[in-house]
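See below for the structure under consideration.
Numbering (my numbering), first residue to last: 894 to 1308.
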């Protein structure tokens, strides 16, 4: 909670969101206004955040802030070890239209806090990856990732590493040497997520992450680039301070995917309803806290998925957005994850089953359905709609997770 009823009675909303009369942070008129929907006096608590709705930034679509900006793609090294088919080595990547490639992921030693390969086999891939660099394409290393903060030896490593200047210095010194050794040109911080206790975090992570980024920037100078992911929803974003990091990073990567999935069935406020995981309406809403925080939109890249999320429907005659689901969709032949299909797998299913994808234009998502299976995903047409959105809201670029999910052209600006 925020405001007078919060612990201590002095808690402000993160990212300068509005603190409602009832003590909840938010971005709409319910939180930012003076009356509720019934006309009752429910004034926003002005000393604990903004008390006005902040509109998203606006630009002329034709100016093409994103189209002419950055086009980044992540590459998952473990696909060469774990995927049953369509394995993609760095030399197989078609980087047409891309400005940057991020190698996912490096790890951090939980005892020494020095950067290290996530897997011994990755070392053989590093030079093959950095050999792709040109005067138009940079090759970066991303550190962390979702599984890095799962239960295990590195669950608290981010929090432990940033907790002191000495620990941060170990990480920074080793990172400079690591990038020099393997030829990486930048570092992407993929901490999922600071201050999230369920992800091994502590409340002090927010300030400590800013300290890390500031010290990395000072150590890198103009030699290396620096970026950070941004959480795709306020629940996790509230543990970050993008505005304080803004001057120290080249850009942020906002993860506009995995906004929904079979896990929704465990969330009472959402329920087991079919929803696409890259709905542009959700992305628009989830970006709002950044505008309350006065973040420069040109520092933000919008993330797009090269995979779909799917469900097994409760009823075969209800295979649409909003229908009930009984569980995750069946696993694909290559990726072998329930509720998940790579774009490569989706394209094969469409051809094999003679399916006709349907455009959900307001969501900027495609859907396919067969038997009791439903999958929502992005293709060239929907990525173009998302790039239009990015242009209209002055965003500085786009990125793809992940280029190895599609063995075709890895284009960031010509979907």
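Backbone N, C-alpha and C fix where the C-beta goes; we use that ideal spot for every residue, glycine too.
Small disclaimer: the values here were computed from a predicted structure and weren't measured.
Cross-strand partners of residue i (DSSP beta bridge)
{"i": "residue 1010", "result": "999"}
{"i": "residue 1166", "result": "1217"}
{"i": "residue 1267", "result": "1204 and 1262"}
{"i": "residue 1146", "result": "1122 and 1194"}
{"i": "residue 993", "result": "965 and 1031"}
{"i": "residue 1047", "result": "Partner(s): none; residue 1047 has no beta bridge."}
{"i": "residue 904", "result": "896"}
{"i": "residue 918", "result": "912"}
Bounding residues of the alpha helix (DSSP H) (the contiguous stretch that carries residue i)
{"i": "residue 1019", "result": "1015-1023"}
{"i": "residue 1245", "result": "1236-1246"}
{"i": "residue 1110", "result": "1098-1113"}
{"i": "residue 1274", "result": "1273-1285"}
{"i": "residue 1059", "result": "1058-1075"}
{"i": "residue 1004", "result": "It is not in any alpha helix (DSSP H) - residue 1004 carries neither H nor E in the DSSP assignment."}
{"i": "residue 1141", "result": "Where residue 1141 is concerned, there is no enclosing alpha helix (DSSP H), given that its DSSP letter is neither H nor E."}
{"i": "residue 925", "result": "922-925"}
{"i": "residue 974", "result": "972-975"}
CB contact flag (residue i, residue j, <8 Å)
{"i": "residue 1006", "j": "residue 1064", "result": "yes"}
{"i": "residue 1199", "j": "residue 1170", "result": "no"}
{"i": "residue 839", "j": "residue 1203", "result": "The structure shown does not extend to residue 839, since the chain spans only 894 to 1308, so no value can be given for it."}
{"i": "residue 983", "j": "residue 1046", "result": "no"}
{"i": "residue 1186", "j": "residue 909", "result": "yes"}
{"i": "residue 1309", "j": "residue 1052", "result": "A query on residue 1309 cannot be resolved here, the shown segment of the chain reaching from 894 to 1308 and no further."}
{"i": "residue 872", "j": "residue 1001", "result": "This structure gives no information on residue 872, because the portion of the chain shown stretches from 894 to 1308."}
{"i": "residue 1222", "j": "residue 1267", "result": "yes"}
{"i": "residue 968", "j": "residue 995", "result": "yes"}
{"i": "residue 937", "j": "residue 914", "result": "yes"}
{"i": "residue 1280", "j": "residue 960", "result": "yes"}
{"i": "residue 1103", "j": "residue 1145", "result": "no"}
{"i": "residue 1229", "j": "residue 977", "result": "yes"}
{"i": "residue 1173", "j": "residue 1282", "result": "yes"}
{"i": "residue 1093", "j": "residue 1061", "result": "no"}
{"i": "residue 1099", "j": "residue 1111", "result": "no"}
{"i": "residue 1135", "j": "residue 1181", "result": "no"}
{"i": "residue 934", "j": "residue 940", "result": "no"}
{"i": "residue 1029", "j": "residue 992", "result": "yes"}
{"i": "residue 951", "j": "residue 1284", "result": "no"}
{"i": "residue 1276", "j": "residue 1197", "result": "yes"}
{"i": "residue 1126", "j": "residue 1083", "result": "no"}
Terminal residues of the beta strand (DSSP E) in which residue i lies
{"i": "residue 1083", "result": "1079-1083"}
Contact belief for residue i with residue j at Cβ below 8 Å, rounded distance in angstroms
{"i": "residue 1071", "j": "residue 1122", "result": "Between residue 1122 and residue 1071 the Cβ distance is about 19 Å, and since that is not below 8 Å, they are no contact."}
{"i": "residue 966", "j": "residue 1296", "result": "4 Å"}
{"i": "residue 1255", "j": "residue 1189", "result": "Actually they are not in contact, since the Cβ atoms of residue 1255 and residue 1189 sit about 28 Å apart, beyond 8 Å."}
{"i": "residue 1079", "j": "residue 1117", "result": "5 Å"}
{"i": "residue 1113", "j": "residue 1119", "result": "6 Å"}
{"i": "residue 1043", "j": "residue 970", "result": "Residue 1043 to residue 970, Cβ: 18 Å. No contact."}
{"i": "residue 1290", "j": "residue 919", "result": "Not confirmed; about 28 Å, so no contact."}
{"i": "residue 1225", "j": "residue 1238", "result": "4 Å"}
{"i": "residue 1206", "j": "residue 1218", "result": "6 Å"}
{"i": "residue 896", "j": "residue 912", "result": "5 Å"}
{"i": "residue 1288", "j": "residue 1195", "result": "6 Å"}
{"i": "residue 1124", "j": "residue 1086", "result": "5 Å"}
{"i": "residue 1201", "j": "residue 1270", "result": "3 Å"}
{"i": "residue 1248", "j": "residue 1263", "result": "6 Å"}
DSSP-derived helix/strand/coil call for residue i
{"i": "residue 963", "result": "strand"}
{"i": "residue 1302", "result": "Below a pLDDT of 50, predicted positions are generally treated as unreliable, and residue 1302, at 43, falls in that range; no measurement from the model is reported."}
{"i": "residue 935", "result": "coil"}
{"i": "residue 1122", "result": "strand"}
{"i": "residue 1129", "result": "helix"}
{"i": "residue 1292", "result": "strand"}
{"i": "residue 895", "result": "coil"}
{"i": "residue 1252", "result": "strand"}
{"i": "residue 1185", "result": "helix"}
{"i": "residue 1230", "result": "coil"}
{"i": "residue 1055", "result": "helix"}
{"i": "residue 928", "result": "strand"}
{"i": "residue 1037", "result": "strand"}
{"i": "residue 1093", "result": "coil"}
{"i": "residue 942", "result": "coil"}
{"i": "residue 1154", "result": "coil"}
{"i": "residue 1161", "result": "coil"}
{"i": "residue 1042", "result": "helix"}
{"i": "residue 858", "result": "As displayed, the chain neither begins before 894 nor continues past 1308, which places residue 858 out of reach and without an answer."}
{"i": "residue 1212", "result": "coil"}
{"i": "residue 981", "result": "coil"}
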